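Comments concern the structure below.
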Amino acid sequence: MRYALWWPLLGLLAGCNWFNNVTGLSHEANKAIGAACRQTGRSLEACYQLNPDADKAQIYAGWREMHEYMEKHKLETMAPAAPPPAVKDAASAPPSKPAPSAAPRAPLSDEAADKAAQTDPQVEAVLSAIRAKTRAPDGDASEQGRLLNLINELNDAPAAARAAASS
Numbered sequence: 001m002r003y004a005l006w007w008p009l010l011g012l013l014a015g016c017n018w019f020n021n022v023t024g025l026s027h028e029a030n031k032a033i034g035a036a037c038r039q040t041g042r043s044l045e046a047c048y049q050l051n052p053d054a055d056k057a058q059i060y061a062g063w064r065e066m067h068e069y070m071e072k073h074k075l076e077t078m079a080p081a082a083p084p085p086a087v088k089d090a091a092s093a094p095p096s097k098p099a100p101s102a103a104p105r106a107p108l109s110d111e112a113a114d115k116a117a118q119t120d121p122q123v124e125a126v127l128s129a130i131r132a133k134t135r136a137p138d139g140d141a142s143e144q145g146r147l148l149n150l151i152n153e154l155n156d157a158p159a160a161a162r163a164a165a166s167s
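Here is the structure:
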């Protein structure tokens, strides 16, 4: 019966952002967001706009730490990732025609699949790489013989030690 009281509480806390703030889990995530913004050369304002739900103080702390680190190690900023395409409202967008390739196609026969594979440039590139693959030289024969002798001596040493110990 006691466990029945804990399950609703755990269910409420699982979806609660307050729990993350109390434990400090979101603080580190927000600092990482700020550090990533600094590394990619984004301004603080742009970072705040891209992450409106994140704590601004923690974003700034992460941005500042990364700035100090990059200055100390003389690192350049990286190119930021391309922003995601803007999502337009479905009501304002003109109706689009359905794509003709969206219709399900019948499976290919064996002959048609072979023909498609022969004309596919990626398949051809893989096959040519496999055909052209030559085995790398194994090394000098005298060097291999020397290594084999060393291995044999190491293997014979324990046998000689056992023979000496038994006599």
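Residue 1 is where the sequence shown starts when you use UniProt numbering, and the numbers rise one by one after that.
Where is the CB? At the ideal position from N, CA and C, for every residue including glycine.
Nothing here was measured: the structure is a model prediction, and the numbers come from that model.
Go through its chain and collect everything with a Cβ distance to residue i's Cβ below 8 Å, but skip five positions before and after it.
i, result
"Glu124", "Gln118"
"Lys115", "none"
Compute the beta-carbon to beta-carbon distance between residue i and residue j, rounded to the nearest angstrom, for a pair I have assumed lies under 8 Å.
i, j, result
"Ala35", "Trp63", "7 Å"
"Arg42", "Pro80", "6 Å"
"Tyr60", "Leu44", "6 Å"
"Lys56", "Tyr48", "6 Å"
Once the 5 residues before and after residue i are set aside, which same chain residues still bring their CB inside 6 Å of it?
i, result
"Met66", "Ala35, Arg38 and Gln39"
"Arg131", "none"
"Ala165", "none"
In or out: residue i buried (at least 16 other Cβ within 10 Å) or exposed?
i, result
"Asn155", "exposed"
"Asn30", "buried"
"Ala54", "buried"
"Glu58", "Reading off the sequence shown, one finds Gln at residue 58, where the question assumed Glu. Result: buried."
"Ile151", "exposed"
Kindly say whether residue i, judged by its beta-carbon, lies nearer than 7 Å to any beta-carbon of chain C.
i, result
"Pro107", "As a matter of chain content, chain C is missing from the structure shown, which is built from one protein chain."
Within a Cβ cutoff of 7 Å, which residues of the same chain sit near residue i, ignoring the five residues on either side of it in sequence?
i, result
"Ala32", "Gly62"
"Glu111", "none"
"His73", "none"
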